[in-house]
Structures are given as C-alpha cells and as structure tokens.
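2 protein chains.
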Amino acid sequence: MSDESAGSRKPKRKRLDPQTREEEIVEGASLYFAEVGFDGSMRDLAARLGISHALLFRYFPTKDALIDRVYDRIFLSRWDPTWDGLLDDGTLPLAERLKRFYSGYLRAIDRPEWVRTFIYGGLAGININQRYLSLIKRKVIAPVAVELGKLGGTGHGGAVPSEEALELSWGLHGEVFYLAIRRWVYGVKVTTDVEGFVALTVAKFLEGAPAVLKMRSRGR
Amino acid sequence: MSDESAGSRKPKRKRLDPQTREEEIVEGASLYFAEVGFDGSMRDLAARLGISHALLFRYFPTKDALIDRVYDRIFLSRWDPTWDGLLDDGTLPLAERLKRFYSGYLRAIDRPEWVRTFIYGGLAGININQRYLSLIKRKVIAPVAVELGKLGGTGHGGAVPSEEALELSWGLHGEVFYLAIRRWVYGVKVTTDVEGFVALTVAKFLEGAPAVLKMRSRGR
DNA sequence: CGCGATATTGACCACTTGGTCATTATAAGA
DNA sequence: TCTTATAATGACCAAGTGGTCAATATCGCG
Numbered sequence: 155m156s157d158e159s160a161g162s163r164k165p166k167r168k169r170l171d172p173q174t175r176e177e178e179i180v181e182g183a184s185l186y187f188a189e190v191g192f193d194g195s196m197r198d199l200a201a202r203l204g205i206s207h208a209l210l211f212r213y214f215p216t217k218d219a220l221i222d223r224v225y226d227r228i229f230l231s232r233w234d235p236t237w238d239g240l241l242d243d244g245t246l247p248l249a250e251r252l253k254r255f256y257s258g259y260l261r262a263i264d265r266p267e268w269v270r271t272f273i274y275g276g277l278a279g280i281n282i283n284q285r286y287l288s289l290i291k292r293k294v295i296a297p298v299a300v301e302l303g304k305l306g307g308t309g310h311g312g313a314v315p316s317e318e319a320l321e322l323s324w325g326l327h328g329e330v331f332y333l334a335i336r337r338w339v340y341g342v343k344v345t346t347d348v349e350g351f352v353a354l355t356v357a358k359f360l361e362g363a364p365a366v367l368k369m370r371s372r373g374r
Numbered sequence: 155m156s157d158e159s160a161g162s163r164k165p166k167r168k169r170l171d172p173q174t175r176e177e178e179i180v181e182g183a184s185l186y187f188a189e190v191g192f193d194g195s196m197r198d199l200a201a202r203l204g205i206s207h208a209l210l211f212r213y214f215p216t217k218d219a220l221i222d223r224v225y226d227r228i229f230l231s232r233w234d235p236t237w238d239g240l241l242d243d244g245t246l247p248l249a250e251r252l253k254r255f256y257s258g259y260l261r262a263i264d265r266p267e268w269v270r271t272f273i274y275g276g277l278a279g280i281n282i283n284q285r286y287l288s289l290i291k292r293k294v295i296a297p298v299a300v301e302l303g304k305l306g307g308t309g310h311g312g313a314v315p316s317e318e319a320l321e322l323s324w325g326l327h328g329e330v331f332y333l334a335i336r337r338w339v340y341g342v343k344v345t346t347d348v349e350g351f352v353a354l355t356v357a358k359f360l361e362g363a364p365a366v367l368k369m370r371s372r373g374r
C-alpha cells in the first residue's frame with residue numbers, strides 16, 4: 155500500500171549471512187517437523203521458509219543432520235540447571251520442592267515442539283528418548299521416591315528406593331506429562347493454569363502415596 | 155528336509171479365498187503400521203505378507219481405505235461392554251470398581267498396535283482420537299469424578315462433577331495410560347504385573363484425591 | 001485328468017523424495 | 001559506480017511412492 159509504487163526494487167533473493175540463515179532454518183525446521191513428523195519433506199520445509207530446498211543442503215549435508223540439530227535445539231538446552239539441587243534440598247518442605255520443580259518443568263516442556271518431537275522420536279525408536287528417560291529417572295523419579303520412602307516410614311530410609319516408591323513416583327510424573335500429551339498430541343482443550351494443576355496433583359500425590367506405602371509395609 | 159526331494163511341487167502363488175486373504179492383510183497391516191507408522195509403504199507391507207503390492211489394491215482401493223480398516227479393527231472392537239455399567243455399580247465399593255475397570259482396560263489396550271496406533275493417530279490429528287477421548291471422558295472420567303465428589307463431601311452430590319474432581323480423575327487415567335506409553339512408545343522395560351500396578355495406583359488415588367478435594371472445599 | 005473362474009502377479013505410469021551441481025544474482029567493499 | 005566473493009537458485013538424477021491393468025498361474029469342479 156505504502157511505497158510499493160515506483161522504482162523500489164525488492165530483490166527476489168534475500169541474501170543473509172550464514173549464521174542468521176542457519177538459525178532461521180533450524181528454528182523453522184523445529185516447528186515444521188514437530189507439526190508433520192520427521193517424514194515431512196525438505197522441499198515442503200524450504201517452501202515454508204521461503205527458500206529453495208537446495209539451500210537446505212548447503213547448510214546441512216543430509217536431512218538427518220538437520221534433524222539432529224533440531225533435536226539438540228529442542229532437548230539439550232531445556233534442562234534448567236537450578237532443578238538439579240532442588241529436589242534434594244532439605245531446607246524446603248517436599249510439597250514446595252515438588253510444586254516448584256513440576257511447575258518449572260511443565261512450563262519448559264509444555265509446548266508443541268517439545269512434546270510432539272519427543273513422542274515422534276519415541277515412536278521412531280530414536281535413542282535420545284531412552285537416554286532422556288534415564289536422566290529423568292536419575293534426577294527426578296529416584297530422588298522423589300527416596301523422599302517418599304522417608305515419609306512412608308517403611309524403614310527404607312536409605313538412598314535406595316523401593317520398587318513401589320519408584321512406581322508411585324513415575325505415576326506423578328506420568329500424570330503431569332499426560333496433561334501435555336492431551337494438549338499437544340490429542341489436541342484437546344485442557345487447563346492453562348499450570349500452577350493450579352501442579353498444586354492439585356502434588357497435593358493428591360503427597361496425600362495418597364505415603365499412605366499407600368504405609369499400608370503396604372504394615373500388614374496388607 | 156523331509157519330502158522336498160522329488161516331484162512335490164510347491165506353488166509359487168498361494169491362492170486363498172478372498173475372506174482369508176483380506177483377514178490376513180488387515181492383521182498384517184495392523185502390526186506393520188503400528189511398528190513403522192502410517193508412512194510405511196504398501197510395497198513394504200506386501201513384502202512382509204509375502205504377496206505383491208498390487209494385490210493389496212485389489213482388496214483395498216486406496217491406502218487410506220486400508221488404514222481405515224486397521225483403525226476399525228484396533229479400536230472399535232476393543233471396548234468391553236461389561237465396563238459400561240461397572241463404574242456406576244453402587245453395589246461394589248469404589249476401590250473394587252476402579253481396580254476391575256482399570257485392570258481390564260489396561261489389559262485391553264496395553265499392546266503395541268493399540269498404543270502406538272493411537273498415538274500415531276493423535277499426532278496426525280485423526281479425528282478418531284478426539285472421538286475416543288470424549289468417549290473416555292463420558293464413560294470413565296466423568297463417572298469417577300462424580301463418585302469422587304460424593305467421597306470428597308464438597309456438596310457436589312449431584313451428577314455434575316467439579317472441575318477439580320474431573321482433573322483428578324484425568325490424573326488417574328493418565329497415570330495408568332502412561333505405563334503403556336513407557337512400555338510401547340519409549341520402549342522402556344516396565345512391570346508386567348498389571349494387577350499390582352493398578353491396585354497400587356488406585357489405592358493412591360483413593361487415599362489422595364478425596365482428601366485433596368476436602369482440603370479445597372473447606373478453607374484452603 | 002482337463003477346464004475355467006478368478007486370485008495373483010509383473011510391468012508400467014505419474015509423481016515425490018533426498019541429494020547434486022553448474023549457473024545466477026546479491027550486497028558489501030573499492 | 002563497478003567488482004567480486006559467495007548466498008541462493010533451477011534443472012537434474014536415481015530411487016521410491018501410490019495406483020493401474022493386461023497377463024498368468026492356481027485351485028475346485030465336472
């Protein structure tokens with residue numbers, strides 16, 4: 155409308171410096187593959203970026219190389235280091251620790267690129283998923299199970315959580331993650347009140363899990 | 155080794171009557187697509203079945219038609235009608251009802267075709283998933299939330315469950331389903347003791363959820 | 001055994017895919 | 001303004017895709 159009129163040439167090719175272009179490609183690819191899965195085509199992606207598909211191969215030698223970069227971008231940079239000490243921090247009540255961790259965690263992963271790419275990868279058997287899961291087990295599931303052992307008073311005071319405590323801990327994790335699945339995999343409308351949801355779920359967990367553990371240890 | 159020697163001709167083509175062949179195809183396609191996703195090729199599937207890919211198109215006009223049939227086979231026939239009355243059955247204690255339902259339900263869906271196909275479909279935005287989810291909400295989540303309302307004693311005695319009760323009920327469902335996801339999507343080794351797992355999870359739910367609901371209704 | 005209905009196949013088509021490369025246009029520096 | 005290094009492209013390739021169809025081999029029936 156404004157100054158399209160006279161001789162203002164608009165170049166048919168946008169020539170960016172390689173850094174910016176590469177960043178643009180990785181960003182675009184993250185969104186694209188999250189949407190359509192890794193069977194999406196390079197041509198499609200290029201069209202969406204407004205460039206030729208040949209250019210993609212100038213920046214990434216193969217499609218797999220691009221996908222690797224997408225994985226890096228989405229996963230490797232999204233673990234907040236402050237979470238590491240959080241769950242073991244004895245100065246905070248467990249409820250508070252859990253609420254803080256899962257609020258932050260859910261905020262970090264509750265987005266389409268993360269959830270969909272993770273699930274796509276799981277289905278495809280990409281090993282990054284299994285590595286990620288064992289990280290979760292080590293950093294989250296096990297510590298929580300240990301705390302649970304203390305609360306449950308089953309004599310499992312040590313650093314080795316019981317099978318049941320682990321399963322209960324996985325349960326909490328699953329509940330939280332399932333919210334993100336419903337939202338981004340099933341495309342269902344779910345609450346946006348992350349804080350409220352986590353508070354509710356954690357409260358239920360702390361109310362129920364230790365009690366069950368007690369029941370199990372003393373008679374049935 | 156035995157009678158391959160002399161004139162015992164083995165035909166290069168196996169000629170089956172259409173019913174059997176069709177059944178074989180649908181069965182094979184269910185497993186195949188569950189494994190590799192719906193981007194798997196008709197030629198690949200045919201090879202796995204030991205037939206030519208042209209034959210597939212004699213039985214199903216298009217690939218989508220085959221996929222539809224696969225969906226039917228996996229989902230439509232797996233809802234056990236006896237579950238329908240189960241959750242509302244006032245003559246059984248709620249714990250018993252929940253254990254029975256979720257044991258049966260988990261046994262029905264905890265298999266690769268079901269879980270993987272369902273998730274593949276969700277990612278692809280197939281509407282069968284959303285229909286299925288609303289069925290779950292109507293037949294499982296809502297009834298359980300209503301029972302929860304009674305136990306929580308929040309005055310929500312009626313048939314309209316509160317938002318919080320619904321969320322807690324979804325939580326239970328998510329925990330259970332997450333077991334199947336870990337097993338069949340992430341490929342992680344998890345317990346095979348379905349009964350035990352359900353008993354533990356239901357116990358935790360009934361110990362925790364009503365308590366939380368009470369806390370929420372009387373002062374915070 | 002021989003025949004015929006038809007289940008099954010191989011060859012084929014148009015199109016899409018990941019990937020290559022010589023050619024072209026752009027923006028910065030002189 | 002002209003040059004030039006190089007970002008970006010279009011045309012191309014071989015392999016794979018869903019889908020078609022005339023030819024062929026199998027099995028049941030007489």
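First to last, the protein sequences are chains A and B. My numbering numbers the first residue of the first sequence as 155 and each following residue consecutively. My numbering numbers the first residue of the second sequence as 155 and each following residue consecutively. No residue lacks a Cβ here, since even glycine has one placed at the ideal position from N, Cα and C. Please read all numbers here as calculations on a predicted model, not as lab measurements.
Item to complete: Could you tell me if A:Ser184 is buried or exposed, where buried requires 16 or more neighbouring beta carbons within 10 angstroms of its beta carbon?
Response: The residue labelled residue 184 of chain A in the question sits at position 30 within the first sequence. Buried.
Discussion item. Against chain B, does A:Val366 count as a neighbour if the rule is that its beta carbon must be under 9 Å from one of theirs?
Written reply: On the first sequence, position 212 is the one that residue 366 of chain A refers to. For A:Val366, the answer is yes, since a Cβ of chain B falls inside 9 Å of its Cβ.
Fill in: Terminal residues of the alpha helix (DSSP H) in which A:Tyr186 lies
Locating residue 186 of chain A in the first sequence gives position 32, where the first residue counts as 1. Here the alpha helix (DSSP H) through A:Tyr186 covers 172-190.
Discussion item. Closer than 7 Å between beta carbons: that is the criterion. Which residues of the segment 165-199 of chain B meet it against chain A?
Written reply: Gly191, Asp193
Fill in: Residues of its chain near A:Gly182, where Cβ-Cβ distance is below 8 Å and the 5 sequence neighbours each way are ignored
As a working mapping, residue 182 of chain A is identified with position 28 in the first sequence. Leu199, Arg202, Leu203.
Fill in: Interface residues of chain A facing B:Ala357 [CB-CB closer than 9 Å]
Translated into the one-based positions of the second sequence, residue 357 of chain B becomes position 203. Going along chain A in sequence order, the residues near B:Ala357 (Cβ under 9 Å) are Gly362, Ala365, Val366, Met369, Arg370.
Worksheet item: Distance, Cα to Cα, B:Leu220 vs B:Glu177?
Response: Within the second sequence, the letter at position 66 stands for residue 220 of chain B. Within the second sequence, the letter at position 23 stands for residue 177 of chain B. About 11 Å.
Practice prompt. Quick one: which residues of the segment 269-280 of chain A get their C-beta closer than 7 Å to a C-beta of chain B? List them in chain order.
Written response: Arg270, Ile273, Tyr274, Gly276, Leu277, Gly279
Worksheet item: What is the C-beta distance between B:Glu361 and B:Ser257, in whole angstroms, given that I count them as a contact (C-beta under 8 Å)?
Response: Position 207 of the second sequence, counted from the first residue, corresponds to residue 361 of chain B. Position 103 of the second sequence, counted from the first residue, corresponds to residue 257 of chain B. About 18 Å; that fails the 8 Å criterion.
Discussion item. Measuring straight from C-alpha to C-alpha, what distance separates A:Thr174 and A:Glu250?
Written reply: Within the first sequence, residue 174 of chain A is the residue found at index 20, counting from 1. Within the first sequence, residue 250 of chain A is the residue found at index 96, counting from 1. Going from the Cα of A:Thr174 to the Cα of A:Glu250 covers about 42 Å.
Discussion item. Given this structure, state the Cα-to-Cα distance separating B:Val367 from A:Leu230, to the nearest angstrom.
Written reply: Indexing the second sequence from 1 puts residue 367 of chain B at position 213. Indexing the first sequence from 1 puts residue 230 of chain A at position 76. The sequence as given places Leu at residue 367 of chain B; Val does not occur at that position. Distance between the alpha carbons of B:Leu367 and A:Leu230 is about 38 Å.
Item to complete: Tell me, please, whether the CB atom of B:Ile354 is closer than 9 Å to any CB atom in chain A?
Response: Working through the second sequence from its first residue, we reach residue 354 of chain B at position 200. It is Leu, not Ile, that sits at residue 354 of chain B in the sequence shown. Yes, its Cβ sits closer than 9 Å to a Cβ of chain A.
Fill in: Entirely enclosed alpha helix (DSSP H) segments - the segment 317-367 of chain A, minimum 4 residues
317-338
Item to complete: Report whether the distance from the Cβ of B:Gly275 to the nearest heavy atom of the ligand GTP is below 8 Å.
Response: This structure simply doesn't include the ligand GTP, nor any ligand for that matter.
Discussion item. Against A:His289, what residues of chain B qualify as contacts under a CB-to-CB distance less than 9 Å, listed in chain order?
Written reply: Taking the first sequence and counting its residues from 1, one reaches residue 289 of chain A at position 135. At residue 289 of chain A the sequence reads Leu, which differs from the His that was named. Residues of chain B whose Cβ lies closer than 9 Å to the Cβ of A:Leu289 do not exist; the shortest such Cβ separation is about 13 Å.
Discussion item. Quick check on DSSP: helix, strand or coil for B:Asp157?
Written reply: Numbered from its first residue, the second sequence carries residue 157 of chain B at position 3. Summary for B:Asp157: the model assigns pLDDT 40, below 50, so the residue's position carries little reliability, and this model does not support an answer.
Fill in: Beta-carbon separation (whole angstroms), A:Thr345 vs B:Glu321, contact threshold 8 Å
Indexing the first sequence from 1 puts residue 345 of chain A at position 191. Indexing the second sequence from 1 puts residue 321 of chain B at position 167. Right, the Cβ-Cβ distance comes to about 7 Å (below 8 Å), so this counts as a contact.
Practice prompt. Name the two residues that bound the continuous alpha helix (DSSP H) containing B:Val224.
Written response: Counting from 1 along the second sequence, the entry for residue 224 of chain B is found at position 70. Looking at the DSSP string, the run of the alpha helix (DSSP H) that includes B:Val224 is 217-225.
Worksheet item: So which of A:Gly341, A:Gly306, A:Arg270 has the shortest CA-CA distance to A:Tyr225?
Response: For the purposes of this step, residue 225 of chain A is taken as the residue at position 71 of the first sequence. Checked all of A:Gly341, A:Gly306, A:Arg270; the closest Cα to A:Tyr225 is A:Arg270.
Practice prompt. Measure the alpha-carbon distance for B:Thr355 versus B:Asp264 and round it to whole angstroms.
Written response: On the second sequence, residue 355 of chain B is found 201 positions in, with the first residue counted as 1. On the second sequence, residue 264 of chain B is found 110 positions in, with the first residue counted as 1. Rounded to the nearest angstrom, the two C-alpha atoms are 16 Å apart.
Worksheet item: What residues from chain A crowd round B:Glu329, counting only those whose CB sits closer than 7 Å?
Response: The sequence position of residue 329 of chain B within the second sequence is 175, counting from 1. Neighbours of B:Glu329 on chain A, chain order: Gly325, Gly328, Glu329.
Worksheet entry | Collapsed DSSP secondary structure at A:Gly275 in the structure displayed | Residue numbering aside, residue 275 of chain A sits at position 121 when the first sequence is read from its first letter. Three-state DSSP puts A:Gly275 in a helix.
Discussion item. To the nearest angstrom, how far is the alpha carbon of A:Gly312 from that of A:Leu287?
Written reply: Taking the first residue of the first sequence as 1, we reach residue 312 of chain A at position 158. Taking the first residue of the first sequence as 1, we reach residue 287 of chain A at position 133. Cα-Cα distance, rounded: 23 Å.
Worksheet item: Less than 9 Å separating the beta-carbons of A:Ala363 and B:Met369?
Response: Working through the first sequence from its first residue, we reach residue 363 of chain A at position 209. Working through the second sequence from its first residue, we reach residue 369 of chain B at position 215. Taking 9 Å as the Cβ cut-off, A:Ala363 and B:Met369 do not qualify as a contacting pair.
Worksheet item: With a CB to CB cut of under 6 Å and the five nearest residues on each side skipped, what residues in its chain are close to B:Leu305?
Response: Locating residue 305 of chain B in the second sequence gives position 151, counting from the first residue. Pro364.
Worksheet item: First and last residue of the alpha helix (DSSP H) that includes A:Val298?
Response: By 1-based counting over the first sequence, the position of residue 298 of chain A is 144. 296-306 is the span of the alpha helix (DSSP H), which, as asked, contains A:Val298.
Discussion item. For A:Glu267, which residues in the same chain have their Cβ closer than 7 Å to its Cβ, ignoring the five residues on either side in sequence?
Written reply: Numbered from its first residue, the first sequence carries residue 267 of chain A at position 113. Same-chain partners within the cutoff: Ser184, Leu185, Ala188, Ile228.
Discussion item. At the level of alpha carbons, what is the spacing between B:Trp237 and A:Ile335?
Written reply: On the second sequence, position 83 is the one that residue 237 of chain B refers to. On the first sequence, position 181 is the one that residue 335 of chain A refers to. When rounded, the distance between both Cα atoms is 25 Å.
Item to complete: Return the residue from the list A:Asp234, A:Leu241, A:Val180 that minimises the CA-CA distance to A:Val300.
Response: Counting from 1 along the first sequence, the entry for residue 300 of chain A is found at position 146. Considering only alpha carbons, the answer is A:Leu241.
Worksheet item: Which two residues bound the contiguous alpha helix (DSSP H) that contains B:Ala313?
Response: Taking the first residue of the second sequence as position 1, residue 313 of chain B is located at position 159. No alpha helix (DSSP H) holds B:Ala313; DSSP gives it neither H nor E.
Worksheet item: For A:Lys166, does the three-state DSSP call read helix, strand or coil?
Response: Taking the first residue of the first sequence as 1, we reach residue 166 of chain A at position 12. In the structure shown, A:Lys166 sits in coil (DSSP, three-state: anything other than H, G, I, E or B).
Discussion item. Counting only Cβ pairs nearer than 9 Å, list the residues of chain A close to B:Tyr332.
Written reply: If you number the second sequence from 1, residue 332 of chain B lands on position 178. Within chain A, the residues near B:Tyr332 are Trp324, Gly325, His327, Gly328, Glu329, Phe331, Tyr332, Ile335.
Discussion item. Applying the 10 Å Cβ sphere with the 16-neighbour rule, what's the burial state of A:Asn283?
Written reply: Here residue 283 of chain A refers to the residue found at position 129 of the first sequence. When all chains shown are included, A:Asn283 counts as buried.
Item to complete: Kindly indicate the opening and closing residues of the alpha helix (DSSP H) around A:Asp238.
Response: Taking the first sequence and counting its residues from 1, one reaches residue 238 of chain A at position 84. Per DSSP, the unbroken alpha helix (DSSP H) holding A:Asp238 starts and ends at 237-240.
Worksheet item: With a CB to CB cut of under 7 Å and the five nearest residues on each side skipped, what residues in its chain are close to B:Gly194?
Response: Sequence index remark: in the second sequence, residue 194 of chain B carries index 40 (1-based). Leaving aside the five residues that flank B:Gly194 on each side, the residues in its chain whose CB is nearer than 7 Å to its CB run, in chain order, Tyr186, Phe187.
Item to complete: Put B:Gly258 into one of helix, strand or coil per three-state DSSP.
Response: Translated into the one-based positions of the second sequence, residue 258 of chain B becomes position 104. Helix, per DSSP.
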